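Chains as they are written, first to last, in the working numbering: chain A, 17 to 369; chain B, 66 to 344; chain C, 7 to 346. Positions of the beta carbon are idealized from the N, C-alpha and C atoms, including for glycine. Every value quoted in this text rests on a predicted model; they were computed, and no experiment measured them. Structure record follows, encoded as structure tokens.
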């Protein structure tokens with residue numbers, strides 16, 4: 017940035033609201049929203065049952081063209097599209113929160129075992145206790161993810177307060193362990209239930225229904241504002257424990273809250289569509305490169321980037337090898353890994369330690 | 066001689082009977098420290114004497130196992146941390162500057178105790194940040210990234226951040242480490258101005274003895290978790306004290322022009338003709 | 007180079023040799039037990055009889071010779087190979103967290119095999135080990151290059167992350183291929199889980215010689231690894247040709263890993279954990295760590311495989327799963343103690 021960035025200072029009458037926002041970030045946010053809407057429209061028009069773009073828009077506006085189109089758009093594709101966007105946003109936010117907590121730019125829910133913990137919980141539920149209703153899935157996923165997060169936190173904590181490398185290495189070790197248990201369940205459980213779990217495990221948004229969308233939407237509506245509310249404190253903790261305390265931040269509370277929210281976001285998203293890797297890793301970095309901003313605005317941009325990423329991955333997965341559908345989870349890994357490598361190579365060495 | 070010369074002004078920060086330790090060993094042992102208001106207090110002592118620990122305890126970063134720290138008469142560890150932050154600011158050793166932050170954004174972090182989620186840039190905030198940058202002499206870099214600055218410039222940014230916090234009490238832990246001598250002196254001049262012209266109370270942990278002797282209004286010497294001596298430099302910056310606290314054989318000279326005290330270590334190498342210069 | 011007094015050799019020279027017969031004895035016992043235990047329990051006596059005075063008419067002897075002996079031999083070879091490879095890797099990379107699987111070698115080998123069978127349609131058994139080897143080498147190079155490019159160079163962290171990324175990527179590609187081409191993939195699915203069940207023992211004819219060479223090579227090169235572990239400059243100062251040595255060691259590791267993958271599929275964590283356990287008993291001299299690791303690895307895999315067969319009778323748990331279940335917690339413990 018050679019020239020100083022332009023900022024827009026907004027002050028309401030009695031200074032009830034007083035904010036200084038970088039213009040570039042605001043523009044980026046608007047553009048990303050546009051891209052997201054576009055992707056959603058294209059996604060609604062894509063599929064084995066051909067629907068033209070204008071027909072999609074008419075149907076959305078309430079003009080019913082045909083029962084069949086209504087059905088396809090409203091019952092199948094719309095919930096799926098919304099779910100993709102929501103899941104993308106939630107995983108992206110989870111990654112951002114994790115990276116802030118561990119102060120390491122390479123943290124990702126799937127890299128630190130949180131996704132696998134949620135996955136194991138859901139697979140256990142599906143394979144071992146099939147009689148239990150599917151509505152418990154989000155709660156089971158949350159419990160699984162929380163347990164893993166606590167385990168890693170506890171294991172990697174030293175008197176010095178926990179190191180980021182240990183956290184990541186612990187996460188890799190623990191996630192391998194959990195994956196092996198999941199494999200065991202899948203191999204030796206009932207074959208039908210195992211198959212159902214298998215398709216879910218690939219990270220597919222295939223079967224997302226309206227109830228799934230409600231689940232995602234409600235949790236997102238609760239957790240995103242919570243994340244925003246603690247964003248300033250989180251920003252201050254980046255400068256080190258002593259500075260943060262001196263500024264008046266309740267560091268332990270903020271760290272636990274942030275970790276809890278990160279885990280919750282990843283767990284809920286995973287419980288609905290299965291593990292989605294690398295979105296949480298890539299989106300925060302992409303957001304920062306698109307437009308640097310204060311931590312609150314950055315969160316919104318990150319969420320948008322995540323939503324766009326997963327929507328695109330879902331779209332490509334459905335359209336590229338039609339009629340075979342590639343689960344979005346695989347595509348996020350295929351796109352995410354090269355991006356991850358680029359990030360690692362280009363990161364400044366402060367990222368580790 | 067602990068603070069009796071300054072009892073005219075009300076005591077704002079005071080540590081009473083402080084004992085701080087990790088797992089059985091005591092770093093500080095029953096320490097009393099009353100900070101004179103509106104003056105510069107400097108803590109010196111050999112490595113491991115507990116001066117940083119004492120500073121952090123006074124700033125409520127660390128919690129003592131025994132004793133208490135009083136801020137305006139109330140136990141600091143029981144007060145709401147944000148309200149303490151409005152009165153007391155600490156610049157710790159080795160602060161971390163997050164990637165990509167500009168100078169203005171870093172200094173603005175100091176406004177945290179005065180902000181809420183939606184009120185982050187009131188006119189008061191803006192004035193405080195601009196004022197702090199002005200005092201620290203970094204207004205020219207306001208929009209540059211902190212990573213691109215030199216060590217001295219970066220340190221001044223951190224000082225500006227603490228200034229933007231607009232607290233009456235400012236605590237600094239070894240703010241001059243790794244800085245060139247000129248930058249050290251500039252920084253100490255800046256801090257001296259804060260105390261004497263703007264009435265703030267400063268508590269600084271320093272490593273450099275002569276710097277401490279030159280700038281302190283109230284000097285505190287520590288050794289092995291105790292305060293060995295405290296008072297004005299004139300009173301306690303003597304060769305006997307230096308020997309007692311640091312094990313250092315040195316002569317203490319007074320510069321005839323400025324009246325400043327300087328310590329000159331004796332060491333084994335002696336030069337005959339050239340005068341020995343202060344370290 | 008073996009005249010250089012390596013660290014710790016002086017402290018327990020007697021103990022260093024004394025362990026070998028003990029371990030060999032344990033190995034023999036584990037071997038016999040592995041053969042004896044199973045769906046039909048056989049007595050040790052029967053096993054010994056079957057091995058040394060084979061009587062074709064006795065059904066139990068047939069079971070021993072045709073069914074169980076091959077599997078036990080496989081366990082010994084794969085266990086020894088992977089552990090030895092892991093020990094060498096840890097020495098060369100000076101990285102206590104190195105493991106052929108963690109660094110992408112096994113997924114590279116698996117990936118190459120999958121590509122060859124599904125995309126190129128190769129089904130002949132002869133080529134599989136060589137393809138696996140190519141895949142392992144390719145993945146290793148990629149992981150190393152990426153780690154080198156990261157600021158700070160090839161540190162334990164960057165190598166691990168790079169390995170995790172490449173493994174994830176290759177797994178995803180394998181899954182995509184699975185989705186696109188389900189028929190040819192069915193055959194490979196068993197192989198991909200990693201285990202000793204139902205393996206084709208004739209593969210050993212092709213893979214045996216390279217493995218034997220590599221094992222011997224590894225043991226012979228071991229003393230120089232200790233010198234290398236003291237740092238490139240120190241080693242060069244002592245006259246070791248570090249560049250050539252590293253290439254030789256890498257070749258040994260790749261051959262051992264690739265052949266093991268060809269024989270038993272991707273089996274992780276053995277190469278990571280066994281060398282560490284061995285180090286607790288023999289110190290830091292690779293002259294001892296390497297051969298002991300090979301023996302201990304063989305014992306370990308025999309043990310794990312035995313457990314896999316008897317844990318939930320009459321079914322079998324995949325050995326790959328059990329190694330991860332035991333290995334991963336040990337890995338976590340290692341990280342706890344080693345990184346601060």
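> Per DSSP, residue 328 (chain B) is paired with what?
Replying inline: By 1-based counting over the second chain, the position of residue 328 (chain B) is 263. BP columns for residue 328 (chain B) point to B:317.
> Hey, residue 296 (chain A) and residue 124 (chain A): beta-carbon distance below 8 angstroms or not?
Replying inline: Counting from 1 along the first chain, the entry for residue 296 (chain A) is found at position 280. Counting from 1 along the first chain, the entry for residue 124 (chain A) is found at position 108. Yes, the Cβ-Cβ distance between residue 296 (chain A) and residue 124 (chain A) is below 8 angstroms.
> Does the Cβ of residue 229 (chain C) have 16 or more other Cβ atoms within 10 Å, making it buried, or fewer, making it exposed?
Replying inline: On the third chain, residue 229 (chain C) is found 223 positions in, with the first residue counted as 1. The residue is buried, with at least 16 neighbouring Cβ atoms inside 10 Å.
> Measuring CA to CA, which of A:325, A:361 and A:339 is closest to residue 347 (chain A)?
Replying inline: One-based indexing of the first chain puts residue 347 (chain A) at position 331. Nearest C-alpha to residue 347 (chain A): A:325.
>> In the DSSP output, which residue or residues are listed as bridge partners for residue 131 (chain B)?
In response: In the second chain, the residue the question calls residue 131 (chain B) occupies position 66. Beta-bridge pairing by DSSP links residue 131 (chain B) to B:84.
>> For residue 253 (chain C) and residue 277 (chain C), I'd like the C-alpha separation in whole angstroms.
In response: One-based indexing of the third chain puts residue 253 (chain C) at position 247. One-based indexing of the third chain puts residue 277 (chain C) at position 271. Approximately 19 angstroms between the Cα atoms of the pair.
> Mind checking if residue 313 (chain B) is an interface residue toward chain A, Cβ cutoff 8 angstroms exclusive?
Replying inline: Residue 313 (chain B) sits at position 248 when you count from the first residue of the second chain. Residue-level contact by beta carbon fails for residue 313 (chain B) and chain A, as no gap is shorter than 8 angstroms.
> Under the three-state reduction of DSSP, which class applies to residue 87 (chain A): helix, strand or coil?
Replying inline: As a working note, residue 87 (chain A) is residue 71 in the first chain. In the structure shown, residue 87 (chain A) sits in a helix (DSSP, three-state: H, G or I).
>> Pop quiz: residue 240 (chain A) and residue 103 (chain A) are said to be a contact at Cβ under 8 angstroms. What is the actual Cβ separation, rounded to whole angstroms?
In response: Numbered from 1 along the first chain, position 224 holds the residue referred to as residue 240 (chain A). Numbered from 1 along the first chain, position 87 holds the residue referred to as residue 103 (chain A). With 8 angstroms as the limit, residue 240 (chain A) and residue 103 (chain A) do not qualify as a contact, their Cβ atoms being about 13 angstroms apart.
> Could you give the residue range of the beta strand (DSSP E) that holds residue 36 (chain A)?
Replying inline: Taking the first chain and counting its residues from 1, the one referred to as residue 36 (chain A) is at position 20. Counting along the chain, the beta strand (DSSP E) containing residue 36 (chain A) begins and ends at 34 to 38.
> Among residues of its own chain, excluding the 5 on either side of residue 135 (chain B), which ones have a beta-carbon nearer than 6 angstroms to its beta-carbon?
Replying inline: Counted from its first residue, the second chain places residue 135 (chain B) at position 70. 79.
> What separation, rounded to the nearest whole angstrom, lies between the Cα atoms of residue 100 (chain A) and residue 144 (chain A)?
Replying inline: Position 84 of the first chain, counting from 1, holds the residue named residue 100 (chain A). Position 128 of the first chain, counting from 1, holds the residue named residue 144 (chain A). Each residue's alpha carbon lies about 28 angstroms from the other.
>> Run through chain C and tell me which residues come within less than 7 angstroms of residue 356 (chain A), C-beta to C-beta.
In response: By 1-based counting over the first chain, the position of residue 356 (chain A) is 340. Chain C residues near residue 356 (chain A): 171.
>> With a threshold of 8 angstroms between beta-carbons, can residue 347 (chain B) be considered close to chain A, or not?
In response: Nothing about residue 347 (chain B) can be reported from this structure: the residues present for chain B run from 66 to 344 only.
> Does the separation of the CB atoms of residue 247 (chain A) and residue 311 (chain A) fall below 8 angstroms?
Replying inline: The residue labelled residue 247 (chain A) in the question sits at position 231 within the first chain. The residue labelled residue 311 (chain A) in the question sits at position 295 within the first chain. Contact: yes.
> If you measure from the beta carbon of residue 174 (chain C) to each beta carbon in chain A, is any gap under 8 angstroms?
Replying inline: Position 168 of the third chain, counting from 1, holds the residue named residue 174 (chain C). Yes, contact with chain A.
> Just by C-beta distance, which residues in the segment 138 to 156 of chain B are closer than 9 angstroms to chain A?
Replying inline: Residues of the segment 138 to 156 of chain B with a C-beta less than 9 angstroms from any C-beta of chain A: 145, 146, 147, 148, 149, 150, 151, 153, 154, 155 and 156, listed in chain order.
> Which residues in chain B sit within 7 angstroms of residue 259 (chain A), going by Cβ to Cβ distance?
Replying inline: Taking the first chain and counting its residues from 1, the one referred to as residue 259 (chain A) is at position 243. Ordered by position in chain B, the residues that pass the 7 angstroms Cβ test against residue 259 (chain A) are 157 and 160.
> Out of curiosity, what's the CA-to-CA distance linking residue 71 (chain B) and residue 99 (chain B)?
Replying inline: Counted from its first residue, the second chain places residue 71 (chain B) at position 6. Counted from its first residue, the second chain places residue 99 (chain B) at position 34. For residue 71 (chain B), the predicted structure reports a pLDDT of 46, less than 50, and the residue's modelled location is therefore unreliable. A value from the coordinates is still provided. Between the alpha carbons of residue 71 (chain B) and residue 99 (chain B) lies a distance of about 10 angstroms.
> Which first and last residues belong to the beta strand (DSSP E) in which residue 295 (chain B) is found?
Replying inline: Numbered from 1 along the second chain, position 230 holds the residue referred to as residue 295 (chain B). Its beta strand (DSSP E) spans residues 291 to 296.
> Based on the DSSP secondary-structure assignment, which residues constitute the bridge partners of residue 99 (chain B)?
Replying inline: Taking the first residue of the second chain as 1, we reach residue 99 (chain B) at position 34. Note: residue 99 (chain B) sits in a beta bridge opposite B:79.
> Can you find a CB in chain C that lies within less than 8 angstroms of the CB of residue 292 (chain A)?
Replying inline: The count along the first chain starts at 1 and reaches residue 292 (chain A) at position 276. Answer no: the Cβ-Cβ gap between residue 292 (chain A) and chain C never drops below 8 angstroms.
>> So for residue 159 (chain C), helix, strand or coil by DSSP?
In response: Start at 1 with the first residue of the third chain, and residue 159 (chain C) comes out as number 153. In this structure, residue 159 (chain C) counts as coil in the three-state DSSP scheme.
>> Let me confirm a value: residue 25 (chain A) is counted as buried when at least 16 other C-beta atoms fall within 10 Å, else exposed. Which label applies?
In response: Here residue 25 (chain A) corresponds to residue number 9 of the first chain, with the count starting at 1. Only exposed fits residue 25 (chain A), as fewer than 16 other CB atoms lie within 10 angstroms of its CB.
> Buried or exposed: residue 186 (chain C), going by 16 or more other Cβ atoms within 10 Å of its Cβ?
Replying inline: In the third chain, the residue the question calls residue 186 (chain C) occupies position 180. Exposed.
> residue 65 (chain A) bridges to which residues according to DSSP?
Replying inline: Taking the first chain and counting its residues from 1, the one referred to as residue 65 (chain A) is at position 49. Paired residues: none, contrary to the question.
>> For residue 212 (chain C) and residue 357 (chain A), I'd like the C-alpha separation in whole angstroms.
In response: Within the third chain, the letter at position 206 stands for residue 212 (chain C). Within the first chain, the letter at position 341 stands for residue 357 (chain A). So the two alpha carbons sit approximately 37 angstroms from each other.
> Closest by CA to residue 263 (chain C), which one among C:34, C:32, C:207 and C:224?
Replying inline: The residue you call residue 263 (chain C) lines up with position 257 of the third chain. Distances from the alpha-carbon of residue 263 (chain C) to those of C:34, C:32, C:207 and C:224 put C:224 closest.
> Looking at the structure shown, is residue 81 (chain A) part of a helix, part of a strand, or coil, going by DSSP?
Replying inline: Translated into positions along the first chain, residue 81 (chain A) becomes position 65. When secondary structure is reduced to three states using DSSP, residue 81 (chain A) falls in the coil class, being assigned neither helix nor strand.
> From the beta carbon of residue 202 (chain A), is the nearest beta carbon of chain B less than 8 angstroms away?
Replying inline: Start at 1 with the first residue of the first chain, and residue 202 (chain A) comes out as number 186. No, because no Cβ of chain B sits closer than 8 angstroms to the Cβ of residue 202 (chain A).
>> Beta-carbon within less than 7 angstroms of residue 234 (chain C)'s beta-carbon, same chain only, minus the 5 sequence neighbours each way: which residues are those?
In response: Position 228 of the third chain, counted from the start, is the residue given in the question as residue 234 (chain C). So the qualifying residues of the chain are 97, 98, 241, 246, 248 and 251.
> In whole angstroms, what is the alpha-carbon distance linking residue 372 (chain A) and residue 222 (chain A)?
Replying inline: Summary: the structure shown does not reach residue 372 (chain A), with chain A confined to residues 17 through 369, and so no result is reported for it.
> Relative to the C-alpha of residue 160 (chain B), which residue among A:30, A:134 and A:254 is closest?
Replying inline: Taking the first residue of the second chain as position 1, residue 160 (chain B) is located at position 95. It is A:254.
> Which residues of chain A have a Cβ atom closer than 8 angstroms to the Cβ of residue 187 (chain B), listed in chain order?
Replying inline: Start at 1 with the first residue of the second chain, and residue 187 (chain B) comes out as number 122. The contacting residues are 27, 31 and 34.
> Span of the alpha helix (DSSP H) holding residue 74 (chain C)?
Replying inline: One-based indexing of the third chain puts residue 74 (chain C) at position 68. Note, residue 74 (chain C): premise wrong, no alpha helix (DSSP H); not H, not E.
> Shortest alpha-carbon distance to residue 318 (chain C) belongs to which of A:191, A:187, A:200 and A:292?
Replying inline: Position 312 of the third chain holds residue 318 (chain C). Checked all of A:191, A:187, A:200 and A:292; the closest Cα to residue 318 (chain C) is A:200.
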